[in-house]
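Asks: Structure incoming, see below.
Numbering (this note's numbering), first residue to last: 1017 to 1157.
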């Protein structure tokens, strides 16, 4: 395809219409103070998200701590970490993500819309791996 401007002599003979419409499935998403246009596709990101990886590391560290402190209440464990019991519980649940989800995040192949903030705010993360994939926007395995 080549661009033809209106002042070129052969512009009137162009097979292209004067106005173009390009439909691209996309949506707006906030990330911090930025507003981004997310172009929907079956492709995922290709660069690992350090914040997501750090969140998964924290989840596993807290899970190991909870297992080591058998009998300790959620309140005590959360207080040790300086967080609320609700936040502590949500993060520890991330230690039980499907292995393919963890691998995709580490490889930077998570859905473009999945951020650490969004993942940390998931209150209703299912324990079943297929349901996790669906809830977080991953393709079915």
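For each residue, glycine too, the CB sits at the ideal point set by N, CA and C.
#1: With respect to the beta strand (DSSP E) encompassing residue 1050, which residues constitute its N-terminal and C-terminal limits?
#2: How would you label residue 1118, buried or exposed, when you count the other beta carbons within 10 angstroms and need 16 or more for buried?
#3: Is the CB-CB distance between residue 1071 and residue 1082 below 8 Å?
#4: For residue 1106, does the count of other Cβ atoms within 10 angstroms reach 16, so buried, or fall short, so exposed?
#5: Mark residue 1149 as exposed unless 16 or more other C-beta atoms lie within 10 angstroms of its C-beta, in which case mark it buried.
#6: What whole-angstrom Cβ distance do residue 1045 and residue 1129 have, given they're in contact under 8 Å?
Replies: Reading off the structure:
#1: 1050 to 1055
#2: buried
#3: no
#4: buried
#5: buried
#6: 6 Å
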